[in-house]
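Heads up: the protein sequence lines correspond to chains F and H, in order.
Going by this note's numbering, 308 is the number at position 308 of the first sequence; the sequence numbering is gapless.
Here this note's numbering runs 426 ahead of the position in the second sequence, where the first position is 1.
We treat Cβ as the ideally placed atom computed from N, Cα and C, and that holds for glycine.
There are 2 protein chains.
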Amino acid sequence: MIDNEFVISGAKVLMPDGTVDTANIFVSGDKISKIGGGDIDGCNVIDGRGKFATPGLINAHTHASMTLLRSYSDDKSLMDWLQKDIWPIEDKMTRRDIYWGAALAAVEMIRGGTTAFADMYGPCMDEVAKVVDESGLRGSLCRGLISFVDGDKKLADNVALYKNFHGAANGRVTVMFGPHAIYTCPPDYLRKVAAEASKLGAEIHMHMNETLTEINDSIKNYGKRPFEVVVETGLFDCGTLAAHCVHLSDAEIEIIRRKKIRVAHNPGSNMKLASGISPVTKLLAAGVTVALGTDGASSNNNLDMLEETRLAALLAKVDTLNPLAVPAAQALQMATDFGARALGLKSVGRLEVGCKADIVLWDMRGVEWQPNFNPASLLVYSANSAAADTVIVDGKILMQGRELKTLDEQKIIAEFTACANRLTGK
Amino acid sequence: MIDNEFVISGAKVLMPDGTVDTANIFVSGDKISKIGGGDIDGCNVIDGRGKFATPGLINAHTHASMTLLRSYSDDKSLMDWLQKDIWPIEDKMTRRDIYWGAALAAVEMIRGGTTAFADMYGPCMDEVAKVVDESGLRGSLCRGLISFVDGDKKLADNVALYKNFHGAANGRVTVMFGPHAIYTCPPDYLRKVAAEASKLGAEIHMHMNETLTEINDSIKNYGKRPFEVVVETGLFDCGTLAAHCVHLSDAEIEIIRRKKIRVAHNPGSNMKLASGISPVTKLLAAGVTVALGTDGASSNNNLDMLEETRLAALLAKVDTLNPLAVPAAQALQMATDFGARALGLKSVGRLEVGCKADIVLWDMRGVEWQPNFNPASLLVYSANSAAADTVIVDGKILMQGRELKTLDEQKIIAEFTACANRLTGK
Numbered sequence: 001m002i003d004n005e006f007v008i009s010g011a012k013v014l015m016p017d018g019t020v021d022t023a024n025i026f027v028s029g030d031k032i033s034k035i036g037g038g039d040i041d042g043c044n045v046i047d048g049r050g051k052f053a054t055p056g057l058i059n060a061h062t063h064a065s066m067t068l069l070r071s072y073s074d075d076k077s078l079m080d081w082l083q084k085d086i087w088p089i090e091d092k093m094t095r096r097d098i099y100w101g102a103a104l105a106a107v108e109m110i111r112g113g114t115t116a117f118a119d120m121y122g123p124c125m126d127e128v129a130k131v132v133d134e135s136g137l138r139g140s141l142c143r144g145l146i147s148f149v150d151g152d153k154k155l156a157d158n159v160a161l162y163k164n165f166h167g168a169a170n171g172r173v174t175v176m177f178g179p180h181a182i183y184t185c186p187p188d189y190l191r192k193v194a195a196e197a198s199k200l201g202a203e204i205h206m207h208m209n210e211t212l213t214e215i216n217d218s219i220k221n222y223g224k225r226p227f228e229v230v231v232e233t234g235l236f237d238c239g240t241l242a243a244h245c246v247h248l249s250d251a252e253i254e255i256i257r258r259k260k261i262r263v264a265h266n267p268g269s270n271m272k273l274a275s276g277i278s279p280v281t282k283l284l285a286a287g288v289t290v291a292l293g294t295d296g297a298s299s300n301n302n303l304d305m306l307e308e309t310r311l312a313a314l315l316a317k318v319d320t321l322n323p324l325a326v327p328a329a330q331a332l333q334m335a336t337d338f339g340a341r342a343l344g345l346k347s348v349g350r351l352e353v354g355c356k357a358d359i360v361l362w363d364m365r366g367v368e369w370q371p372n373f374n375p376a377s378l379l380v381y382s383a384n385s386a387a388a389d390t391v392i393v394d395g396k397i398l399m400q401g402r403e404l405k406t407l408d409e410q411k412i413i414a415e416f417t418a419c420a421n422r423l424t425g426k
Numbered sequence: 427m428i429d430n431e432f433v434i435s436g437a438k439v440l441m442p443d444g445t446v447d448t449a450n451i452f453v454s455g456d457k458i459s460k461i462g463g464g465d466i467d468g469c470n471v472i473d474g475r476g477k478f479a480t481p482g483l484i485n486a487h488t489h490a491s492m493t494l495l496r497s498y499s500d501d502k503s504l505m506d507w508l509q510k511d512i513w514p515i516e517d518k519m520t521r522r523d524i525y526w527g528a529a530l531a532a533v534e535m536i537r538g539g540t541t542a543f544a545d546m547y548g549p550c551m552d553e554v555a556k557v558v559d560e561s562g563l564r565g566s567l568c569r570g571l572i573s574f575v576d577g578d579k580k581l582a583d584n585v586a587l588y589k590n591f592h593g594a595a596n597g598r599v600t601v602m603f604g605p606h607a608i609y610t611c612p613p614d615y616l617r618k619v620a621a622e623a624s625k626l627g628a629e630i631h632m633h634m635n636e637t638l639t640e641i642n643d644s645i646k647n648y649g650k651r652p653f654e655v656v657v658e659t660g661l662f663d664c665g666t667l668a669a670h671c672v673h674l675s676d677a678e679i680e681i682i683r684r685k686k687i688r689v690a691h692n693p694g695s696n697m698k699l700a701s702g703i704s705p706v707t708k709l710l711a712a713g714v715t716v717a718l719g720t721d722g723a724s725s726n727n728n729l730d731m732l733e734e735t736r737l738a739a740l741l742a743k744v745d746t747l748n749p750l751a752v753p754a755a756q757a758l759q760m761a762t763d764f765g766a767r768a769l770g771l772k773s774v775g776r777l778e779v780g781c782k783a784d785i786v787l788w789d790m791r792g793v794e795w796q797p798n799f800n801p802a803s804l805l806v807y808s809a810n811s812a813a814a815d816t817v818i819v820d821g822k823i824l825m826q827g828r829e830l831k832t833l834d835e836q837k838i839i840a841e842f843t844a845c846a847n848r849l850t851g852k
């Protein structure tokens, strides 16, 4: 296997400024060592001709093991879905379920050109760390913290997760703290989380302002909107990735800007659950880092970041009635560079010398790529994720010619299916 | 090649009522002769195990040859896009361009599980009819009529198209009349179109109420909204497929209902061009047949009906803030049964004994189909169109195992690319 010292020759390359050039990309160890012309004689060569090289897509908000509940409960109201169908099954999940659920998610992400993800789920996040290690992906993991039952124990889990895994696998595994949401974590608990996280220098991953119910309950319980409540707990001083941010007042956008909070926009999930439309053009105009996420597979229903990128571009246009909103290159920046920033990753998310070699080669032979006037536009508006041909993370090839190199897909599907059937009694 | 007398064995089958059963589908000639159990010994068998059989998807509004302009001009305002970039190139299109543009569209539609399409474009629609004939697809074609230059000549073209092609290729080619829109066809011209169409018993395919500008201009010029103007011309008495219908008053919805107008909803194009969101849940509640279309590839930017189906389901939910709006089975009905009704096709769009054998088999082996609790939901919310494995129209296999049976894809891409490059000077 060609690995860790190779050149991708003659690909169309998405540059950090959003332009596209034909170039060679030289990879040495885990980094990009050169982009441009130059002699490739004697090099291990991956033929990039007819392929479009972009930074790997970054899923800035998901719950990987929820793949187990994909299409188990669709077309329901949010609370029926969550309380009657999802939570009772989640209560039954074992360590083994978490592992195989995340393993299937890893296959799906690699196959779709995703190279990194921010994951929040329940117990046994060390199993997700194991999947990150084995798959070759990058994962920013947190223990989802719901204070009501065993809040202190869960917080201790997150501390242990951080101590055991932050920086593991050559830095591919990182750890954040995961207070679930304001309606599951009262301010006193958030203060405790902030204290533990800041002791370790850890960042925060939290659901914020997803539904109108959440906003209304916050105003009822605290007399303030969620960002106004949480900012007073000091939590945002740790550095924060805030998922959803659908319903925002101007004052809350100002808190987001001032506290340098990174937003994970989840258009597919927000549409499917009818949560609403996040004001991403306002956030971007305010200089906020808006990344993209799929949310869990039971509310999306996949982990397809290319689809999310297209939805972000389309939804912003129709929401603002402005066809110039979130053009293709900006949508790709949100899915890559801004994704890396959202996860707190340095030197990731751009095809640039010295950056980590996290690269996707998209096969442009399909009819939906013809004529080929503008690869970035074609990727966002026309292609689908089955065009992901080669996926490289940290200089290592995870998929080539759509063949997985690190994971045993058939075994994973078999074990995963057994878990899903046992959990749901199907 | 197994053809015209075969059985699809052991597939999951989407029934007309939206439920899914495991069954055999027997095809004899151009029709479905039986669905259910029964002896398959001695039959030509297509192995349907692990596959999901649905009616072919029906693209109720497109401009096939516009594939030539895919991603030639993106992220522009509607009028800059149309007047500065699209129309000048369209003026240069030759007979050869129309043919190869439609041929590439046919490849793309078959590969995405589309079996029929309603097409409106400029001169030389007989070339599109030729592509329909050769590809094995169904096409409902019309000559796009813009009155300003040579309006009578164009109308005569449409009459000739009807006389020469309506009912051709075992009924796979049908013809409508194509008055482009109210802003390109004044009422007097629409009266002429209505007269010619009704003489032949032909139906109408027209853009209606796509943008706010169109509505405002109609009110300014005629003192009425577009449907109120057009209904007085008698055009709708011919039977009408109205594309877009984004901005509608209650009085217009009542005209649509009363005149049994079928609507082609184009969510992708309406989002990308920032036209607005069609009130599909109101239309459906009024009993209107709402089908789905991609619009042309230069405003979508593909002909992927599965993507359009998902967008229809997602957009209706977030627009109404109701997660129960347009559930998966209804979205599939819009993309199939309602599509057939929109095109005026009888015995098409349902997997039912006596109906035309227009069938797609979706390969459910991919990870995005796991776990497999609900194939209809998985198809709409999780799968992508690369899962289209086998496509059958009129009992004839157009694709099997993703291999095209009627069209030479490589030759089409080569000829198409030459046309696109010449047209755009690239």
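Taking all protein chains shown into account, do 16 or more other C-beta atoms lie within 10 angstroms of the C-beta of residue i, making it buried, or fewer, making it exposed?
i	result
ALA813 of chain H	buried
ILE428 of chain H	The pLDDT assigned to ILE428 of chain H is 44, lower than 50, so where the model puts this residue is not dependable, and the model offers no usable value.
GLN370 of chain F	buried
VAL131 of chain F	buried
MET79 of chain F	exposed
ASN44 of chain F	exposed
PHE591 of chain H	buried
GLU210 of chain F	buried
GLY851 of chain H	exposed
Name the residue from the options whose alpha carbon lies nearest to the alpha carbon of residue i.
i	options	result
GLY775 of chain H	H:ASN642, H:ASP473, H:LEU718 and H:ILE838	H:LEU718
ASP855 of chain H	H:LEU495, H:ASP500 and H:ILE536	Nothing can be reported for residue 855 of chain H, as the shown portion of chain H is limited to 427 through 852.
PHE603 of chain H	H:ARG617, H:PHE591, H:LEU581 and H:GLU678	H:LEU581
VAL619 of chain H	H:TYR588, H:ALA529 and H:LYS510	H:TYR588
HIS244 of chain F	F:LEU273, F:ASN216 and F:ASP304	F:LEU273
ALA486 of chain H	H:ILE703, H:ASN642 and H:MET632	H:MET632
SER377 of chain F	F:GLU403, F:ALA331, F:ARG365 and F:VAL391	F:ALA331
PHE52 of chain F	F:PHE373, F:ASN216, F:GLY425 and F:GLY339	F:PHE373
ASP17 of chain F	F:ILE397, F:GLY171, F:ASN221 and F:GLN333	F:GLN333
VAL853 of chain H	H:GLY539, H:MET535 and H:LEU508	Residue 853 of chain H lies beyond the range of chain H shown here (427 to 852); nothing can be said about it.
ASN432 of chain F	H:LEU638, H:CYS845 and H:ALA768	Not covered by the structure: residue 432 of chain F. The range shown for chain F is 1 to 426.
MET731 of chain H	H:SER704, H:LYS708 and H:GLY765	H:GLY765
Interface residues of chain F around residue i at Cβ under 8 Å?
i	result
ASN847 of chain H	PRO371
MET697 of chain H	LEU314, LEU315, LYS317 and VAL318
SER803 of chain H	SER71, ASP74, ASP75 and ASN301
DSSP puts residue i in a beta bridge; with which residues?
i	result
HIS670 of chain H	H:MET634
ASN485 of chain H	H:PHE543
THR390 of chain F	F:LEU361
ARG688 of chain H	H:LEU667
Could you tell me which chain H residues have their CB closer than 8 Å to the CB of residue i, listed as they occur along the chain?
i	result
PRO323 of chain F	ASP501, LYS502, SER503, LEU504, TRP507, LYS698, LEU699 and ALA700
ALA202 of chain F	The contacting residues do not exist; ALA202 of chain F stays about 31 Å from chain H at best.
What residues from chain H crowd round residue i, counting only those whose CB sits closer than 7 Å?
i	result
GLU108 of chain F	VAL793 and GLU794
THR417 of chain F	GLN796 and PRO797
Compute the beta-carbon to beta-carbon distance between residue i and residue j, rounded to the nearest angstrom, for a pair I have assumed lies under 8 Å.
i	j	result
VAL863 of chain H	PRO801 of chain H	Past the boundaries of the shown model lies residue 863 of chain H; chain H is included only from 427 to 852, so the question cannot be answered.
ALA528 of chain H	GLU553 of chain H	6 Å
ALA329 of chain F	LYS317 of chain F	So it is not a contact: roughly 14 Å between Cβ atoms.
ASP217 of chain F	VAL173 of chain F	So it is not a contact: roughly 35 Å between Cβ atoms.
ILE472 of chain H	THR832 of chain H	Contact flag wrong, Cβ pair sits at about 17 Å.
Quick one: list the residues of chain F neighbouring residue i, beta-carbon separation under 7 Å, in chain order.
i	result
LYS852 of chain H	PHE373
For residue i, go through chain F and note every residue whose CB falls closer than 9 Å to its CB, in chain order.
i	result
ARG537 of chain H	GLY366, VAL367 and GLU368
ALA754 of chain H	SER71, ASP74 and ASP75
Measuring from the CB of residue i, is there a heavy atom of the ligand MN at a distance below 7 Å?
i	result
GLY627 of chain H	Absence of the ligand MN is noted for the structure shown, with no ligands found whatsoever.
Would you mind telling me which residues of chain H sit closer than 9 Å to residue i, beta carbon to beta carbon, in chain order?
i	result
ASN266 of chain F	Correct list: empty, because the minimum Cβ distance to chain H is about 12 Å.
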